Amino acid sequence: MRTQTTNYVARLFAGDLSAFGGPATDEAMAGHIRAEQMSLVLSYSVGIMLGNACNAIVLAIALWQSPDRTLALIWAATVAGAAIAFGLQSHAARRITKPQFVSRRAMHRLVRNAFILGSAWGIVPVAFFANASTGGQLVITCLCSGMLAGGALAFATIPIAAIAFTAPIFVGIAICLGRNGDLAFLLIAFLVVVYGSVLLRGVFVNSFSFARRVMRQIEAERTVRLDPLTHLPNRVAFNETLDAALRRLALSGEEFAVLLLDLDRFKDVNDKFGHPAGDEFLVQVASRLQRCTRVAEHVARIGGDEFALVMANLARPEDALEIAERFVAAFVEPFQIEGRQIVGATSVGIVLAPRDGNTPFDIMKNADAALYRAKKAGPGTVCFFEQADDRLSRDRKALQADLDGAIARNELFLVFQPFLDLGTNRITGFEALLRWQHPSRGLVPPSEFIPIAEETGLIHEIGEWVIRRACATLADWPEDIRVAVNFSASQFHNTAILQTIVQALADAKVSPNRFEIEITESMLLSKYGSAASILNALLELGVTVALDDFGTGFSSLTYLRKLPFSRIKIDQSFIRDMLVQPDCAAIVKSVISLARDLQIGVVAEGVETADQLEYLRQVSCDEVQGYLVSRPVAADGVMALLETKRIRATFAA
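In structure tokens form, the structure reads like this:
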């Protein structure tokens, strides 16, 4: 019982309308309603405080001839001074962006201030009415009645504040009238009670209506500003929060931080388990991230796997670091999705305003730069923005702009790394590898520009160029030599790629069985059905398909049994360690044996030593590829390589 009473009192003084029979809300919604209520009070407060000051002066003048003149002057000076000070404070507060959430403590302060001001006016009839002249009594009556009406208007949306303001005035009037005992005064007291009841009834009706209107408005705004998947604020809401923080920074110097998060390897989750699993992963991530924030602050989902948080009223940078580390720690426990355990991780970039920027563009640009450095450092890294990050970010954007025109400027070219058949000691084909010769940067590694191409969609244009150039080069080679081209997931699932291959082969007058594409296991997991249809279409065309990096993914044997692969390529990590790690050797032998039974060719990648080559020959591997055979060579070096390495003692049995 005591707990219920305590909760009721807490709700009452927090302005919770459910304490008066109004609509019930959770604390988040109540905080939004309090923010709207407070904003409305502030919009009236300057005028109300000016009215208080003027009324206090009028009262002092009316009581100038009263025996209580000195006390009245002190009272008037105190009330007028306090009203002017509070009015100036309210005017300054109105210039600051309206908060989206107001705490119970702020409402407690408002109710307290309303009670103090109401008590000041409640003193008037008690202290001054008896000794005032008839005219003075009339002024006191009018002023008190006016303050009752003004208080009811000012706090029309907050019943507890209206009661806190008007109750002392009612009590003061009641004491004053009760002292007299005259029937006329008792009648006036009755009318005051009726008048007060009508005012408070109006306050309740208006406040309930206001709260329901705010709730409908908030729900409508949530629809526009809410991410439909995670139910977190979206980019629109985040931008508004950032703009509000910048306005507070300009007006009051309130510093803040922005934390930008990106999920590490989220693309792998989508590729391996499918988009429904990826969506569920995002939902669980959102839930964990939101539990890490401070009260009234919300993580926003601003992109596919990108989240952001504005930390307002930042006392010290360490506070932002603490939240960022909570975000990272939230990924320690694996996620349970569709009966699987998925391990996730996030990287976080932090910017501090105004140190790192004072415009939305600068803040987000620098946050992105800090995040980029964090991701390069590895999963679970947190980085504050540094000026060097800005240079890295600008450099990456410049690289992206240059890549956009690299094909037109003939800056892209192919190099070719051979496959050696261990049975015949002859080169049977080449893998086409993309290179970029930048006019000022020199040779740009594929690890730098391929991710940019995939992010921007340039991979499709570049991929088509690679196919056409590889086929054109293949036309100059002997008929028994093939070329293999790597495909990205976005390329492979693009149905237009089939027509590109057909046209490139026709233009080069090359047989389809000399063209091979290499795909990874992850490309099959997200869209198995479409992958199977594309592979079958390639098979009908006569093109061969190799499964690249075998052993690094899930290596489902179903793929080998049901899909038309011509070759599998054992990942170089197994080849590198097979002579020192028995488990790697066992895997290599098993894969080769399995492939032989399924009549699928095997290529061992990353062969760099003669001992590795000899072991692979002993376990009957079909082909090898690596620096021992040859480093990648330019197109004009292929024929020379074919002549010198058709039979070579190094590779002889």
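Residue numbering for the sequence shown follows my numbering, beginning at 95 and increasing consecutively.
Positions of the beta carbon are idealized from the N, C-alpha and C atoms, including for glycine.
Every value quoted in this text rests on a predicted model; they were computed, and no experiment measured them.
CB contact flag (residue i, residue j, <8 Å)
i: P533; j: E555; result: no
i: I613; j: V639; result: yes
i: S213; j: P161; result: no
i: P606; j: V637; result: yes
Reference residue i, options the options, closest by Cα
i: G720; options: D643, P512 and F644; result: P512
i: E348; options: L446, L182 and P262; result: L446
i: A186; options: L345, V696 and V352; result: L345
i: N364; options: E374, D356 and S139; result: E374
i: V233; options: C148, P411, T594 and N407; result: C148
i: Q481; options: I444, G472, P454 and L497; result: I444
i: A124; options: F195, R319, H325 and I263; result: F195
i: T235; options: A339, K663 and V286; result: V286
i: C477; options: D489, T440, I686 and R563; result: T440
i: A547; options: D356, P606, L497 and G212; result: L497
i: M143; options: E549, K603 and N207; result: N207
i: P540; options: G398, F507, D570 and V422; result: F507
i: F581; options: N607, V604, A625 and V173; result: A625
i: G833; options: L516, R563, E558 and R503; result: Since the first and last residues shown for the chain are 95 and 747, residue 833 lies out of range.
i: F209; options: Q494, F249, F222 and N452; result: F249
i: A154; options: R467, F304 and W215; result: W215
Cα-Cα separation, residue i to residue j
i: L710; j: I611; result: 24 Å
i: A728; j: L403; result: 49 Å
i: E615; j: L657; result: 12 Å
i: T744; j: F479; result: Note that T744 scores 48 on pLDDT, short of 50, meaning its location in the model is unreliable; the coordinates nonetheless yield the value given after this. Approximately 53 Å between the Cα atoms of the pair.
i: K459; j: D450; result: 10 Å
i: Q378; j: F543; result: 32 Å
i: S137; j: E416; result: 37 Å
i: S184; j: A200; result: 14 Å
i: A380; j: A500; result: 39 Å
i: P327; j: F524; result: 50 Å
i: N146; j: R341; result: 31 Å
i: A170; j: H325; result: 53 Å
i: V352; j: V308; result: 28 Å
i: S301; j: I252; result: 6 Å
i: F668; j: A704; result: 16 Å
i: R490; j: T475; result: 20 Å
i: G296; j: A224; result: 32 Å
i: F455; j: P448; result: 13 Å
i: V292; j: V299; result: 11 Å
i: G731; j: D691; result: 36 Å
i: F429; j: C715; result: 39 Å
i: S584; j: E400; result: 20 Å
i: D677; j: Q706; result: 15 Å
i: A226; j: Q159; result: 8 Å
i: A256; j: A339; result: 31 Å
i: G551; j: V560; result: 15 Å
i: A566; j: A598; result: 8 Å
i: D574; j: R520; result: 11 Å
i: E708; j: N630; result: 36 Å
i: A590; j: E558; result: 10 Å
i: L568; j: T518; result: 21 Å
CB-CB length for residue i against residue j, believed under 8 Å
i: E717; j: L514; result: 6 Å
i: V682; j: V723; result: About 17 Å; that fails the 8 Å criterion.
i: L242; j: G290; result: 7 Å
i: F586; j: I553; result: No, F586 and I553 are not in contact; Cβ-Cβ is about 11 Å, not under 8 Å.
i: V220; j: G266; result: 5 Å
i: G272; j: A156; result: Incorrect: roughly 23 Å between the Cβ atoms, too far for contact.
i: A406; j: V442; result: Going by Cβ atoms, the distance from A406 to V442 rounds to 18 Å, so no, they are not a contact pair.
i: F332; j: A394; result: 4 Å
i: L383; j: F421; result: 6 Å
Cβ-based burial, residue i [other Cβ within 10 Å; buried from 16]
i: M95; result: At M95, the pLDDT of 47 sits below 50, so the modelled position is not reliable; the number obtained from the coordinates is stated separately. Classification of M95: exposed, given that the 10 Å Cβ count is below 16.
i: T164; result: exposed
i: I741; result: Its pLDDT being 45, under 50, I741 is placed unreliably by the model, and the measurement read from it follows with that caveat. I741 comes out exposed.
i: F510; result: buried
i: Y102; result: Model confidence at Y102 stands at a pLDDT of 49, short of 50, so the residue's coordinates are unreliable; what they give is reported in the following sentence. With fewer than 16 other Cβ atoms within 10 Å, it is exposed.
i: G245; result: buried
i: L537; result: exposed
i: S139; result: buried
i: G433; result: exposed
i: V131; result: Note that residue 131 is Gln in the sequence shown here, rather than Val. Q131 comes out buried.
i: K366; result: buried
i: D570; result: exposed
CB contact below 8 Å: residue i versus chain C
i: A402; result: No chain C is part of this structure, which consists of one protein chain only.
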